[in-house]
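Okay, so here's the structure we're looking at.
Number of protein chains: 2
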Amino acid sequence: MTTSTDSPIQTQISTQEIFAAHEGGKLSIGVDRPLATKRDLSIAYTPGVAQVSRAIAEDPALARTHTWASRLVAVVSDGTAVLGLGNIGASASLPVMEGKSALFKTFGGLDSIPILLNTTDVDEIVETLVRIAPSFGAVNLEDVSAPRCFELEAKLIEALDMPVMHDDQHGTAVVVLAALTNAVKVVGKEFAGLKTVIAGAGAAGIAIAEILLASGVEDVILLDSKGAIHAGRQDLSEPRNAMKLEYAGRTNPRGVAGGTAEALAGADVFIGVSSSTVPEEHLAGMAEGAIVFALSNPDPEVAPDVARRHAAVVATGRSDFPNQINNVLAFPGIFRGALDAGARRITPGMKRAAAAAIADLAQDKLSADYIVPSPLDPRVAPAVTAAVMDAANG
Amino acid sequence: MTTSTDSPIQTQISTQEIFAAHEGGKLSIGVDRPLATKRDLSIAYTPGVAQVSRAIAEDPALARTHTWASRLVAVVSDGTAVLGLGNIGASASLPVMEGKSALFKTFGGLDSIPILLNTTDVDEIVETLVRIAPSFGAVNLEDVSAPRCFELEAKLIEALDMPVMHDDQHGTAVVVLAALTNAVKVVGKEFAGLKTVIAGAGAAGIAIAEILLASGVEDVILLDSKGAIHAGRQDLSEPRNAMKLEYAGRTNPRGVAGGTAEALAGADVFIGVSSSTVPEEHLAGMAEGAIVFALSNPDPEVAPDVARRHAAVVATGRSDFPNQINNVLAFPGIFRGALDAGARRITPGMKRAAAAAIADLAQDKLSADYIVPSPLDPRVAPAVTAAVMDAANG
Chain A
1 MTTSTDSPIQ TQISTQEIFA AHEGGKLSIG VDRPLATKRD LSIAYTPGVA
51 QVSRAIAEDP ALARTHTWAS RLVAVVSDGT AVLGLGNIGA SASLPVMEGK
101 SALFKTFGGL DSIPILLNTT DVDEIVETLV RIAPSFGAVN LEDVSAPRCF
151 ELEAKLIEAL DMPVMHDDQH GTAVVVLAAL TNAVKVVGKE FAGLKTVIAG
201 AGAAGIAIAE ILLASGVEDV ILLDSKGAIH AGRQDLSEPR NAMKLEYAGR
251 TNPRGVAGGT AEALAGADVF IGVSSSTVPE EHLAGMAEGA IVFALSNPDP
301 EVAPDVARRH AAVVATGRSD FPNQINNVLA FPGIFRGALD AGARRITPGM
351 KRAAAAAIAD LAQDKLSADY IVPSPLDPRV APAVTAAVMD AANG
Chain B
395 MTTSTDSPIQ TQISTQEIFA AHEGGKLSIG VDRPLATKRD LSIAYTPGVA
445 QVSRAIAEDP ALARTHTWAS RLVAVVSDGT AVLGLGNIGA SASLPVMEGK
495 SALFKTFGGL DSIPILLNTT DVDEIVETLV RIAPSFGAVN LEDVSAPRCF
545 ELEAKLIEAL DMPVMHDDQH GTAVVVLAAL TNAVKVVGKE FAGLKTVIAG
595 AGAAGIAIAE ILLASGVEDV ILLDSKGAIH AGRQDLSEPR NAMKLEYAGR
645 TNPRGVAGGT AEALAGADVF IGVSSSTVPE EHLAGMAEGA IVFALSNPDP
695 EVAPDVARRH AAVVATGRSD FPNQINNVLA FPGIFRGALD AGARRITPGM
745 KRAAAAAIAD LAQDKLSADY IVPSPLDPRV APAVTAAVMD AANG
């Protein structure tokens with residue numbers, strides 16, 4: 001295990017190699033039907049294709065079986081919250097969205113196309129996606145800033161008759177739930193009594209709070225840049241804090257005020273999704289058998305070796321430490337399962353089923369350094385797909 | 395040569411085989427960078443991709459070289475004029491658009507994605523494509539009904555900083571110009587003195603008239619369902635006939651009124667893009683060495699064997715007769731050339747250069763039955779690409 005907060009993987013790969021790998025983009029279109037002869041053209045294009053188009057016009061359900069759209073995921077971003085880079089705009093987000101499409105294909109066997117928006121107005125984005133909705137069969141929202149992302153996802157789910165998921169919220173939350181499910185087993189605790197602190201009340205933090213509450217964790221404290229969110233905070237009445245205000249009423253049952261020091265005093269779990277840092281002395285106040293998920297990328301909220309001095313289980317978002325909490329464990333199988341099941345919504349039950357499937361796969365070798373399978377584990381996407389399909393049909 | 399108006403190719407392929415070939419769609423996404431190891435992920439996705447995104451944010455020109463969008467064609471349709479099927483809607487048009495994408499890849503080596511619109515409002519379509527413009531590098535408009543297609547193309551060209559072309563207009567016009575260039579050589583005539591009749595004043599007819607006028611043909615008569623278009627026609631003052639009114643002032647210099655009989659009397663060239671039929675007795679009135687392009691699909695305006703009784707050169711849109719006038723000769727090379735040249739517009743000069751390149755390729759074996767190369771001729775797209783690049787840079 002590396003004991004430095006440098007980014008060894010990043011530094012061992014040259015900038016030149018990285019840029020070369022992205023040159024010309026990372027995606028291409030494949031043609032699944034050959035067009036080598038006049039006969040091929042007559043089948044795949046005119047005149048043959050007219051029969052297929054006429055049939056779909058008469059029975060729209062045929063579009064599901066005879067076009068690529070019903071299984072195509074639109075990877076949609078407006079570039080407002082790209083990785084740790086912030087609002088860098090739609091075009092600059094495209095290398096990330098192409099990478100996401102590559103992950104969809106590699107791990108889920110799903111085709112997807114990046115759709116970049118050069119508007120950041122929520123209603124305009126909804127209107128735009130509704131207008132081009134016949135082009136695809138699901139929407140993966142990506143790297144949209146909070147709190148806009150909550151409103152955008154909710155409105156899209158209402159407006160589109162297809163699976164819609166903001167992965168930065170729910171993909172993260174699903175994998176955190178899977179990891180926490182196994183971490184509490186390692187330390188011999190249960191969800192019901194768990195004192196949990198989430199640093200970061202953006203897309204990921206809110207979704208993690210939501211899925212933990214729905215899974216039986218009762219004591220969750222959300223922290224934003226001003227400290228613990230509780231019902232007594234005056235600033236939460238601002239319209240942009242509507243989501244935080246809602247969670248002020250549903251979290252922090254002990255009414256803890258203050259910062260990480262106060263929140264972490266006696267806490268069992270720290271989950272960082274904040275791009276901030278946590279001083280070691282605050283971690284020192286956590287309970288015995290503490291669990292620390294320091295998920296900010298590329299720099300975790302606390303170095304794993306430091307965290308391990310005070311915690312029994314440590315996870316990060318990085319591939320060069322044990323216990324990598326990575327969305328790729330979840331989203332390919334979630335979308336594949338939803339599409340294979342013909343589901344119109346991705347429900348909370350489907351998300352929790354995905355988390356359970358991921359957690360199950362680590363059971364056989366469960367330890368403090370192995371609470372989730374590797375993102376490259378080929379068993380993951382099929383298991384998540386099957387679990388999500390079961391939940392969709394159940 | 396087949397001497398029947400049946401569709402032999404269509405009838406020899408079973409409906410079952412056609413539907414099987416379209417099942418699941420005809421396109422897929424290819425991943426050009428492997429994602430097999432943690433190192434691959436670190437290069438193509440996080441953390442490596444952040445370097446590329448940050449670089450594009452600082453220098454937007456890098457999006458051109460380090461994403462797929464700059465060379466990606468959006469194949470855009472609202473499904474209002476699909477093949478000969480009419481307004482069958484966006485979803486039903488998708489098999490055609492997938493086929494178009496397959497042709498772009500097979501013949502032009504260009505990636506493209508179908509974008510289907512479930513609005514038919516011109517301004518909404520423009521607004522929508524502007525909002526998602528960072529997703530692609532060119533727009534191929536397809537199967538949009540006239541006269542909306544003229545307004546839509548013009549507005550898109552103004553609104554988008556990238557090549558835009560309505561292929562049903564200009565792809566057809568380019569191949570017709572190529573074919574006519576060679577046909578007049580076969581019959582020993584010249585463009586300047588040519589009496590030309592175009593049946594059909596929709597997308598293709600108007601664009602053919604435009605490119606012929608720009609190429610030195612002086613006597614062009616456009617026919618719509620009410621007969622020859624001339625300045626004296628009262629119905630052309632309706633707003634939806636604005637384009638016809640404009641061409642009434644630029645065509646028909648002899649002021650011919652009436653139908654095909656009157657227009658074809660003494661005519662050198664008949665070009666049918668009308669989905670109508672032309673009686674043999676009207677063709678009998680054409681000049682010696684007549685040229686007949688009966689381009690409606692799947693049923694030409696006149697059977698080729700009938701046309702040959704009165705014409706020296708006959709062409710159709712079908713692959714089972716000689717002289718197939720097919721857009722695939724033009725659009726892959728036109729878009730490839732425009733994108734390779736970094737052109738922001740597809741100009742009239744680029745279209746005429748494409749036509750000249752296509753015509754040139756048939757020179758070595760020029761005859762009444764060989765005025766254009768086969769759509770499957772692998773020399774075509776590279777030659778058109780080179781000619782369009784020259785015209786773009788010249």
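Taken in sequence, the protein lines are chains A and B.
Be aware that the first sequence starts at 1, since it is given in our numbering, and climbs by one per residue.
Be aware that the second sequence starts at 395, since it is given in our numbering, and climbs by one per residue.
Glycine included, C-beta positions come from ideal geometry on N, C-alpha and C.
These numbers come from a predicted model, not from an experiment.
Contact check, residue i vs residue j, beta carbons under 7 angstroms
| i | j | result |
| --- | --- | --- |
| A:Gly272 | A:Ala242 | no |
| A:Ser396 | A:Asp143 | The requested residue 396 of chain A does not occur in the structure, where chain A is confined to residues 1 to 394. |
| A:Ile115 | B:Ser506 | no |
| A:Ala263 | A:Ile221 | yes |
| A:Val278 | A:Glu301 | yes |
| A:Val73 | A:Phe104 | yes |
| B:Leu456 | B:Ala449 | yes |
| B:Val469 | B:Lys432 | no |
| B:Arg730 | B:Asp555 | no |
| A:Ala357 | A:Ala383 | yes |
Residue-level contact to chain B via CB, residue i, 7 angstroms cutoff
| i | result |
| --- | --- |
| A:Gln51 | yes |
| A:Ile18 | yes |
| A:Asn297 | yes |
| A:Gly188 | no |
| A:Glu23 | yes |
| A:Gly48 | yes |
| A:Arg344 | no |
| A:Thr385 | no |
| A:Met1 | In this prediction, A:Met1 scores a pLDDT of 31, lower than 50, which makes its location untrustworthy; the coordinate-derived value is nonetheless stated afterwards. Not an interface residue. |
| A:Asp32 | yes |
| A:Val372 | no |
| A:Ser319 | yes |
| A:Leu160 | no |
| A:Val122 | no |
| A:Lys244 | no |
| A:Ala63 | yes |
Cβ-based burial, residue i [other Cβ within 10 Å; buried from 16]
| i | result |
| --- | --- |
| B:Pro454 | exposed |
| B:Pro428 | exposed |
| B:Ala678 | exposed |
| B:Gln406 | exposed |
| A:Gln169 | buried |
| B:Gln410 | exposed |
| B:Thr461 | buried |
| B:Thr645 | buried |
| A:Gly25 | buried |
| B:Ser809 | In this structure chain B extends from 395 to 788, so residue 809 of chain B is not present and cannot be described. |
| A:Thr172 | buried |
| A:Lys189 | buried |
| B:Arg634 | exposed |
| B:Asn717 | buried |
Closer than 7 angstroms to chain A by CB, residue i
| i | result |
| --- | --- |
| B:Pro633 | no |
| B:Asp629 | no |
| B:Ala463 | yes |
| B:Ala451 | yes |
| B:Ala684 | no |
| B:Leu774 | The identity of residue 774 of chain B in the sequence shown is Val, whereas the question assumes Leu. Closer than 7 angstroms: no. |
| B:Ile423 | yes |
| B:Arg746 | no |
| B:His624 | no |
| B:His560 | no |
| B:Val469 | no |
Per DSSP, cross-strand counterpart(s) of residue i
| i | result |
| --- | --- |
| A:Thr196 | A:Val220, A:Val269 |
| B:Met559 | B:Asn534 |
| A:Thr316 | A:Ala294, A:Gln324 |
| B:Ile423 | A:Ile29 |
Contact test: residue i Cβ vs the ligand GDP heavy atom, cutoff 6 angstroms
| i | result |
| --- | --- |
| B:Thr590 | In the structure on display, the ligand GDP does not appear, and there are no ligands present to speak of. |
* **Residues, ordered as in the chain, of the segment 564 to 578 of chain B that lie near chain A by beta-carbon distance below 8 angstroms** => If the cut-off is 8 angstroms between Cβ atoms, the segment 564 to 578 of chain B has nothing near chain A.
* **Residues of the segment 98 to 119 of chain A whose Cβ lies closer than 7 angstroms to any Cβ of chain B, in chain order** => Glu98, Gly99, Ser101, Ala102, Leu103, Lys105, Thr106, Asp111, Ser112, Ile113, Pro114, Ile115, Leu116, Leu117, Asn118, Thr119
* To do: Give the residues from the segment 533 to 552 of chain B that approach chain A closer than 9 angstroms (Cβ to any Cβ), ordered along the chain.
  => none
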